[in-house]
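Q: Numbering (the numbering used here), first residue to last: 36 to 117.
Okay, handing you the structure first.
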Amino acid sequence: MTLEQFTREDGQVARQYEYDDETVVAVDFGAARTDASVDLVDDTVIVVVDDDQYEFELPVDADDAHTFMQNGVLTVEMEGHR
């Protein structure tokens, strides 16, 4: 997964945080985006924001990934990924 997927077209703010046992990626689609949802199917994260859909594969070494969307911010938490 690359942060450039989210920032190059629509100007979203994206950050990646590295911790001892996990990596967290946060993408801000904007609080005004009330029709935003996220789903994790196998190793693919699917984000639907208004009429746009984004899909990306998690890194191979990412274990136990969790995704959620709150106030227009997508958060992907991945254990084991460095």
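Ideal placement from N, C-alpha and C gives every residue a C-beta, glycine not left out.
Computed from a prediction, not measured in an experiment: that's the story for all the values here.
So is residue 103 buried or exposed if we call it buried at 16+ other beta carbons inside 10 Å?
A: With fewer than 16 Cβ atoms within 10 Å of its Cβ, residue 103 is classed as exposed.
Q: May I have a chain-ordered list of the alpha helix (DSSP H) segments no shorter than 4 residues that lie completely inside the stretch 47 to 84?
A: The qualifying runs do not exist here; there are none.
Q: DSSP three-state label for residue 109, please.
A: DSSP places residue 109 in strand when its eight states are reduced to three.
Q: Note down the Cα distance separating residue 85 from residue 78, rounded to an integer number of angstroms.
A: So the two alpha carbons sit approximately 23 Å from each other.
Q: Could you check which residue in 73, 96, 91 has the C-alpha nearest to that of residue 110?
A: Looking at the Cα atoms, 73 is the closest of the given residues.
Q: Select from 101, 80, 99 the residue whose C-alpha is nearest the C-alpha of residue 92.
A: Among 101, 80, 99, the Cα nearest to that of residue 92 belongs to 80.
Q: Once the 5 residues before and after residue 52 are set aside, which same chain residues still bring their CB inside 6 Å of it?
A: 59, listed in sequence order.
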